[in-house]
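Participant:
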Amino acid sequence: MGLRELKRERTRRLIADKAFELFTDHGFGRTTVEQIAAAAEVGPSTLYRYFPTKETLVLEFVEDCLLGAVAWFREQPDVELPDGLQAVIERVLEQLDSNPDRVRAVFDLAAQTASVSAHLNEMIWRFRNELTDELVRRSPGDDPRSVEFTAALSAGIAMNIIETVVRSWVENPETTEVRNSPAEP
Numbered sequence: 001m002g003l004r005e006l007k008r009e010r011t012r013r014l015i016a017d018k019a020f021e022l023f024t025d026h027g028f029g030r031t032t033v034e035q036i037a038a039a040a041e042v043g044p045s046t047l048y049r050y051f052p053t054k055e056t057l058v059l060e061f062v063e064d065c066l067l068g069a070v071a072w073f074r075e076q077p078d079v080e081l082p083d084g085l086q087a088v089i090e091r092v093l094e095q096l097d098s099n100p101d102r103v104r105a106v107f108d109l110a111a112q113t114a115s116v117s118a119h120l121n122e123m124i125w126r127f128r129n130e131l132t133d134e135l136v137r138r139s140p141g142d143d144p145r146s147v148e149f150t151a152a153l154s155a156g157i158a159m160n161i162i163e164t165v166v167r168s169w170v171e172n173p174e175t176t177e178v179r180n181s182p183a184e185p
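Residues 1 to 185 in my numbering are what the sequence shown lists, from first letter to last.
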């Protein structure tokens, strides 16, 4: 990564972190884009270049975890379907486990704010669709409809496992471990 890309990523991370602090302290609805920009020491137009909506500020960490896992999977050698799905699930859970406070805050904000909840659901569908596409690409078979059905079902199961483990962890942080949960395949 070059110096310019490194600086852009640092700015992106700073904006997201400051936004999250403000959302946590003051609430999503009471935090303005202008306040976030000022806290990150950037202009509102710069903020919008990185994050087109306030909802994307809330969800960027989860999006990076989900879509980053699919991007990572695309670069891996071919493996059997169960092993590939387990690797993706473990990758997502490992990433989410790296920032438990943010994961819990995302769930709280999604529960309190309809627009955040809607964007989270869109992101989950995007993850399922991208994982489905990658599984179709990797799957042998003469019947494309059967291959696509199996891939979509598998991607849905993977997302359901992730959601169930994370929801259990968010609701019972002392008794649930994200990465070593019995819900993993």
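No residue lacks a Cβ here, since even glycine has one placed at the ideal position from N, Cα and C.
The structure presented is a predicted model; accordingly, all values stated were derived computationally and were not measured.
(1) Considering only the alpha carbon of each residue, which of Gly84, Phe23 and Glu80 lies closest to Lys54?
(2) Could you give the residue range of the alpha helix (DSSP H) that holds Asn172?
(3) For a test of the three-state rule: what should DSSP assign to Arg51, helix, strand or coil?
(4) Go to Val92, then tell me how far its alpha helix (DSSP H) extends in each direction, as first and last residue.
(5) Where Glu184 and Gln86 are concerned, what is the direct C-alpha to C-alpha distance, given to the nearest angstrom?
(6) From Ala37 to Arg13, what does the alpha carbon distance come to, in whole angstroms?
(7) What residue from Val147, Trp125 and Glu9 has the CA that sits closest to Arg49's CA?
(8) State the start and end residues of the unbroken alpha helix (DSSP H) segment that holds Pro100.
(9) So, is Gln95 buried or exposed, given that buried needs 16 or more other C-beta atoms within 10 angstroms?
(10) The alpha helix (DSSP H) spanning Phe20 covers which residue range?
Facilitator: Let me spell this out:
(1) Residue numbering aside, residue 54 sits at position 54 when the sequence shown is read from its first letter. Closest option to Lys54, Cα to Cα, is Phe23.
(2) As a first step, residue 172 is located in the sequence shown; it is residue number 172 there, counting from the start. Counting along the chain, Asn172 sits inside no alpha helix (DSSP H), nor does DSSP assign it H or E at all.
(3) Taking the sequence shown and counting its residues from 1, the one referred to as residue 51 is at position 51. Note on residue identity: the sequence assigns Phe, not Arg, to residue 51. Annotated three-state conformation of Phe51 is coil, per DSSP.
(4) One-based indexing of the sequence shown puts residue 92 at position 92. Val92 -> alpha helix (DSSP H) spans Leu81 to Asp97.
(5) As a working note, residue 184 is residue 184 in the sequence shown. As a working note, residue 86 is residue 86 in the sequence shown. Note on Glu184: pLDDT 44, under 50, position unreliable in the model; no value is reported.
(6) Here residue 37 corresponds to residue number 37 of the sequence shown, with the count starting at 1. Here residue 13 corresponds to residue number 13 of the sequence shown, with the count starting at 1. If I take the Cα positions, the gap works out to 13 Å.
(7) Position 49 of the sequence shown holds residue 49. The shortest Cα separation from Arg49 among Val147, Trp125 and Glu9 belongs to Glu9.
(8) Within the sequence shown, numbered from 1, the residue matching residue 100 stands at position 100. Unbroken alpha helix (DSSP H) run through Pro100: Pro100 to Gln112.
(9) As a first step, residue 95 is located in the sequence shown; it is residue number 95 there, counting from the start. Classification for Gln95: buried.
(10) Here the question's residue 20 lines up with position 20 in the sequence shown. Boundaries of the alpha helix (DSSP H) harbouring Phe20: Leu3 to His26, taken from the DSSP string.
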